[in-house]
Amino acid sequence: MPQFLQQALPLLSDTSNDIHRQGAAEAVALLVDTLDLQILPYAVLLVIPVMGRMSDFNADVRAVVARTFGRLLRILPLESGVQDPEEMAASLREEKQKHRTFIDQLMDPTKLENYRLPIKIKASLRSYQQAGIDWMNFLRKYQLHGILCDDMGLGKTLQAFEATGNPDSQHLPSLVVCPSTLTSHWYHEIEKFCEGLTPLRFVGTNASARRALWTQVPEADVVIVSYDVLRNDAEHFAEQRFNYCVLDEGHIIRNTSSKVTLAVKGVQSNHRLILSGTPIQNNVLELWSLFDFLMPGFLGTQRQFNEAYTKPIRASQGVRATNEQQADGALALEALHRQVLPFLLRRLKSEVLTELPPKIIQDYPCELTPVQTHLYEAYSQSQTRSLDSAVDAASSGHSSKQDSQHVFQSLQFLRKVCNHPALALKSGTALAERVLTEVASAHHQPRDYQLSGKLVALRQLLMECEIAGRSGDANADEADLARTAVGRHRALIFAQQRAFLDIVQEELLDKHLPEVTYRRLDGGVPAQQRHDIVVEFNEDPSIDVLLLTTSVGGLGLTLTGADTVIFLEHDWNPMKDLQAMDRAHRLGQTRVVNVYRLITQRTLEEKIMSLQRFKINVADTVVNAENASLSSMGTSQLLSLFKVDEGDSAGATGRADAREGSLTNLMTDVEDMWNQTDYEDFNVDAFMEGFS
4 MPQFLQQALP LLSDTSNDIH RQGAAEAVAL LVDTLDLQIL PYAVLLVIPV
54 MGRMSDFNAD VRAVVARTFG RLLRILPLES GVQDPEEMAA SLREEKQKHR
104 TFIDQLMDPT KLENYRLPIK IKASLRSYQQ AGIDWMNFLR KYQLHGILCD
154 DMGLGKTLQA FEATGNPDSQ HLPSLVVCPS TLTSHWYHEI EKFCEGLTPL
204 RFVGTNASAR RALWTQVPEA DVVIVSYDVL RNDAEHFAEQ RFNYCVLDEG
254 HIIRNTSSKV TLAVKGVQSN HRLILSGTPI QNNVLELWSL FDFLMPGFLG
304 TQRQFNEAYT KPIRASQGVR ATNEQQADGA LALEALHRQV LPFLLRRLKS
354 EVLTELPPKI IQDYPCELTP VQTHLYEAYS QSQTRSLDSA VDAASSGHSS
404 KQDSQHVFQS LQFLRKVCNH PALALKSGTA LAERVLTEVA SAHHQPRDYQ
454 LSGKLVALRQ LLMECEIAGR SGDANADEAD LARTAVGRHR ALIFAQQRAF
504 LDIVQEELLD KHLPEVTYRR LDGGVPAQQR HDIVVEFNED PSIDVLLLTT
554 SVGGLGLTLT GADTVIFLEH DWNPMKDLQA MDRAHRLGQT RVVNVYRLIT
604 QRTLEEKIMS LQRFKINVAD TVVNAENASL SSMGTSQLLS LFKVDEGDSA
654 GATGRADARE GSLTNLMTDV EDMWNQTDYE DFNVDAFMEG FS
């Protein structure tokens, strides 16, 4: 036995060789099966190495160690009453004591010592940030992986330096995967705060130029790559081994079948960490995808997860949900929360940043203009029959992707109408001609801001915030203007469509509010220029407004130069809006942040707000205050969490009636389309043909 422990067991941790791990896993399994209770004196020495391979990327290794771990788990309570064999070497007794210390820390997190980073961080860590670093070190010791889901603006990047700055025995680089907007941010943050770390930005639109970068990878400590580049170069990244793989805004891999998700899951690394202030954005199945990257198999297969959690939770939200279904949904949420509790660390700004000024969110109601009302009502009436058919098909269990597609496209059209008529009209249709005639009779041009209730409200809001409507002094020098600029309000204006931002910029700001200075950040700005725009906006108080699309400007950026956030549009996914507003409400903000959501009355936008409230409730139930520190995270249950149950994963189940379930599936398909489709590229031509 001592020879096995010293020579064979270390092969189980050889992350560079699949054959070594497979052979060691089979050997441990055979040993445990054969010796049964005679293995007890050595069980402590086996359980932690076996647990560390429960999340192995190799499915064969996972399958073998899962069964072995279950057997060890059942006999482990008997271990404390068994004496060490006389022939056990002193070195093994000492190793056994170390493992016992680890288990004691696992059961009682208050025994963890503060971890000191091996690199120098040129910043003073707050107490909650040190606790986050201790937590990541705790996971690494046990070869486990987790999600740091602190509230947005608490410095997740700084804490993640614990991962990127930790060397391994093989001198492998670490990999940081982030949205393209943030590659420069990560590079500059590492250069600014981390002495001795060499970062490499793996960027470029030219494939041959990127291939040349591979020669620099072995010399780098941290390789920074965007999700898009990783997707395009997935084969090359799958061949390289990394120490850590850190996913910034890791909820991007929530779609289990997307090319980005598959590329990320192909990366080979010793340790894995996700950074996301919003790990659950639409539904709990997204959490399964995140854990399938972190610890494959921990939450069962996708089918098992759907049976245990997704179905009962979805059934409980239906308008016709029975008391039993609602109870099953609540039990499933609680069970999932307990299952993932040790691997999610979340702290809220309101709890750890008492000096941070408050964030005030308020709805700013808008009315449709006559032209918008005409379009909205005409389209709604024309589509009533076909939408009813789609719902009837769903009710009878015969809905198709075409039905979901039709509902999705109809909602897209109505949302464009709520923004501005020009975004929805297709020239040449009978309806377009009627609307253009109506516009001309009112002495307007088709893109005038006055045709949009939202833009009329936006102009009024900018005046109320004293961002617009200021009278300048022609004799004032630059110093006077700079002093005046320092104290005034500055705004982030978010939209989903670049075309809508075009109208805001050209028809409202340029023509009617020339005193308002602005910059713009959207998909049309090259990724390498985005960091410079952020820096300029934060450092130059004379810039009044930053126009952004939610998809580009809503992730990871620090925009504390603004104290006002205005949403022109709203997403099915509430977390996208929450992320965007917290670009301003984060560490470094010294003023109260006011958030205004422009909502068109008596339209589908009010219904979107209702849906957002439900989704936020689901997310808060799975990731709540119990994830705030190690002492409340249920680490004493960690061993039992990995126990492999017979058959499907345990969990509450619920059954909705056929009609309710089919309708839910129909709307789920619609939401999936919303998440996977670029809003600004939507084409409404097919729907306008009906008006010809």
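In the working numbering, the protein residues as written are 4 to 695. Each residue gets a CB set at the ideal place from its N, CA and C atoms; glycine is no exception.
Query	Result
Taking just the CA atoms, how far does residue 317 sit from residue 524?	37 Å
What are the uninterrupted segments assigned as beta strand (DSSP E) that are 3 or more residues long and contained completely in the region 486-550, given in chain order?	494-498, 521-524
Would you list the residues sitting across from residue 225 in a DSSP beta bridge?	177, 202
Would you list the one or two residues that DSSP bridges to residue 245?	272
Just how far apart, CA to CA, sit residue 455 and residue 216?	48 Å
At the level of alpha carbons, what is the spacing between residue 267 and residue 228?	11 Å
Figure out for me which residue from 37, 138, 273, 159 has the closest Cα to the Cα of residue 17.	273
What first and last residue would you give for the alpha helix (DSSP H) that runs through residue 25?	21-38
May I have the straight-line CA-CA distance separating residue 8 from residue 191, to the nearest angstrom?	45 Å
Assuming contact is defined by CB atoms lying nearer than 8 Å, are residue 280 and residue 152 in contact in what I supplied?	yes
Count the other CB atoms, across all protein chains shown, that sit within 10 Å of the CB of residue 81; report buried if there are 16 or more and exposed otherwise.	exposed
Apart from the five residues just before and just after residue 160, which ones in its own chain have a Cβ nearer than 6 Å to its Cβ?	192
Three or more C-beta pairs under 8 Å: does that hold for the region 89-98 against the region 50-59?	no
Could you name the residues of the same chain whose beta carbon sits closer than 8 Å to that of residue 19, not counting the 5 residues immediately before and after it, in chain order?	173, 244
Please identify the residue among 249, 574, 325, 545 whose C-alpha is closest to the C-alpha of residue 557.	574
Checking the sheet assignment: what are the DSSP bridge partners for residue 698?	Residue 698 lies beyond the range of the chain shown here (4 to 695); nothing can be said about it.
Using the three-state DSSP reduction, which class does residue 114 fall into: helix, strand or coil?	helix
Can you tell me the Cα-Cα spacing of residue 255 and residue 186, whole angstroms?	15 Å
For residue 102 and residue 46, what's the separation of their Cα atoms in angstroms?	10 Å
With a threshold of 7 Å on Cβ separation, who are the neighbours of residue 4 within its own chain once the five nearest residues in sequence on each side are excluded?	45
I need the DSSP call for residue 13, collapsed to helix, strand or coil.	helix
Once the 5 residues before and after residue 527 are set aside, which same chain residues still bring their CB inside 8 Å of it?	501
Which partner residues of residue 367 appear in the DSSP bridge assignment?	601
Does residue 124 come out as helix, strand or coil in the three-state DSSP assignment?	strand
Please go through the same chain and pick out, in chain order, the residues whose beta-carbon is closer than 7 Å to the beta-carbon of residue 296, but skip the five residues on each side of it.	256, 267, 268, 275
In terms of alpha-carbon separation, which member of 158, 220, 138, 207 lies closest to residue 1?	Given a span of 4 to 695 for the chain in the structure shown, any question on residue 1 remains unanswerable.
Mind checking which residues open and close the beta strand (DSSP E) that includes residue 570?	567-570
What's the C-alpha gap between residue 472 and residue 360?	27 Å
What is the DSSP secondary structure of residue 552, reduced to helix, strand or coil?	strand
If you follow the alpha helix (DSSP H) that residue 316 is part of, which residue opens it and which one closes it?	314-319
For residue 236, which of helix, strand or coil comes out of DSSP?	coil
Determine the extent of the alpha helix (DSSP H) in which residue 190 is found, giving its start and end residues.	186-196
Quick check on DSSP: helix, strand or coil for residue 420?	helix
Which residues in the same chain as residue 25 place their Cβ atom closer than 8 Å to its Cβ, once the five residues preceding and following it in sequence are excluded?	61, 63, 64, 67
Report yes or no: do the region 598-606 and the region 362-369 share at least 3 C-beta pairs separated by less than 8 Å?	yes
Which one of 458, 293, 271 has the shortest CA to CA distance from residue 238?	271
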